[in-house]
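Participant: Sharing a structure below in structure tokens format, with a few things to ask.
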Amino acid sequence: MFDMIRQAQAMKEKVAEFQKAMESQSFTGTAGGGAVSVTINGKHEVRSVTIDPKVVASGNTDMLQDLVKTAVNQAGQEANGKMKAEISKMTGGLLPGLF
Numbered sequence: 000m001f002d003m004i005r006q007a008q009a010m011k012e013k014v015a016e017f018q019k020a021m022e023s024q025s026f027t028g029t030a031g032g033g034a035v036s037v038t039i040n041g042k043h044e045v046r047s048v049t050i051d052p053k054v055v056a057s058g059n060t061d062m063l064q065d066l067v068k069t070a071v072n073q074a075g076q077e078a079n080g081k082m083k084a085e086i087s088k089m090t091g092g093l094l095p096g097l098f
């Protein structure tokens, strides 16, 4: 019983370390063939947004909004994918559907 508690505590510590490491990593999503690029960290905080001036000059705000949304979602999916893969490795697949 105590071994299980110790293992759970060790796993909790590994997950906390991993989450802290994720905060310093960057994940980038792009849309419109690179016309919009969004970079987030592992906490899903937006770090940078780059927009091609041609897209802005087009005056098509609906398109620009869609491109930004797509790029943000892509970056988030990349971050989530990395987190799922690493958590699965740490837990040996014992916690399916955790994320």
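Going by numbering that gives the first Met the number 0, the sequence shown opens with residue 0, and the numbers climb by one from there.
In this text, a Cβ means the ideal position worked out from N, Cα and C, and glycines have one as well.
Out of 41, 29, 8, state which residue places its alpha-carbon closest to the alpha-carbon of residue 83.
Facilitator: 41
Participant: How big is the Cα-Cα spacing for residue 10 and residue 27?
Facilitator: 29 Å
Participant: Out of 87, 76, 70, which one is the CA nearest neighbour of residue 32?
Facilitator: 70
Participant: Can you have a look at residue 56 and say buried or exposed, based on whether 16 or more other CB atoms are within 10 angstroms of its CB?
Facilitator: Exposed, since its Cβ has fewer than 16 Cβ neighbours within 10 Å.
Participant: Grab the span of the alpha helix (DSSP H) containing residue 87 for me, first residue to last.
Facilitator: 60-90
Participant: Since residue 39 contacts residue 75 with CB under 8 Å, what's their CB separation in whole angstroms?
Facilitator: 7 Å
Participant: May I ask you to report which of helix, strand or coil DSSP gives residue 30?
Facilitator: Residue 30 falls in the strand class under three-state DSSP.
Participant: In the DSSP assignment, what are the bridge partners of residue 48?
Facilitator: BP columns for residue 48 point to 37.
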